[in-house]
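Notes for the one structure printed next.
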Amino acid sequence: AGKIKLYPNPAGNGLVYLETSGDLLVEGVKVWDAAGRLVASWNGARASLEVPGSGIFLVEVQTDRGVVRKRLVKF
């Protein structure tokens with residue numbers, strides 16, 4: 002079983018990195034803000050995420066084995 006890690010978390014300015022372990026295949030990512038608005042999305046695997054603004058975000062990672070949700074704090 003693979004795992005997904007977001008770092009740094011909490012994050013300052015700059016990129017947030019997405020790391021997978023095992024043989025998980027990332028198919029896409031969606032980022033939601035605390036109000037439930039979609040603020041970023043992309044298809045395919047990416048090693049880094051550019052999340053606009055600051056606050057608490059829900060990062061939804063679609064993998065070949067289902068959806069993984071992670072909380073991200075950005076200041």
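Using this note's numbering, the letters of the sequence shown map in sequence onto residues 2 to 76. Even for Gly, the Cβ is constructed at its ideal location relative to N, Cα and C.
| Asked | Found |
| --- | --- |
| Environment of A36 [buried if 16+ CB atoms lie within 10 Å] | exposed |
| Assigned exposure category for V74 - 16 Cβ within 10 Å defines buried | exposed |
| Nearest to G114 (by Cα), restricted to the options G3, D65, N10, K4 | Absent from the model: residue 114. The displayed extent of the chain is 2 to 76, so no value can be given. |
| CB contact flag (L26, D65, <9 Å) | yes |
| Distance CB(F58)-CB(V40) smaller than 9 Å | yes |
| Per-residue DSSP class, three states only, for V52 | coil |
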